[in-house]
């Protein structure tokens with residue numbers, strides 16, 4: 116029933132199904148799911164204004180393909196996008212190399228410790244320039 120509600124984009128019905136799942140998780144060894152669902156239910160039922168509750172439920176499910184029956188949970192969509200991040204980073208590096216750009220270093224260089232910097236730091240300290 117939950118799967119059909121999600122696929123149809125019916126966030127309210129999916130939420131009602133999740134409330135029933137709380138009982139199932141409470142009777143299992145999945146205490147983190149129980150805690151998460153309880154926090155979600157309390158937030159939506161007791162701590163959110165009606166407009167906030169409606170906004171959350173209206174944005175819980177997304178349809179990135181725009182076809183009927185192809186709604187998914189927003190957090191699941193984000194997980195799908197996360198899988199692509201490594202490929203995107205790799206493709207970016209390949210594109211930079213293909214046009215002759217040098218790969219960027221992932222480390223920072225050490226700052227130059229010129230005598231002028233040390234002299235300014237001494238003056239700032241002696242005159243309490245940056246003291247509040």
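Numbering (this note's numbering), first residue to last: 116 to 247.
We put the beta carbon where it would ideally sit given N, CA and C, even for glycine.
All values reported here derive from a predicted model rather than from experimental measurement.
Residue 175 sits away from residue 123, with the two beta carbons spaced by 9 Å or more. In the pairwise beta carbon analysis, the stretch 120-137 is classified as touching the stretch 151-161: at least three pairs are separated by under 8 Å. Assigned with DSSP and collapsed to three states, residue 162 falls in helix. Ranked by Cα distance from residue 191, the options 178, 182 and 183 are led by 178. When DSSP states are grouped into helix, strand and coil, residue 176 belongs to the strand group.
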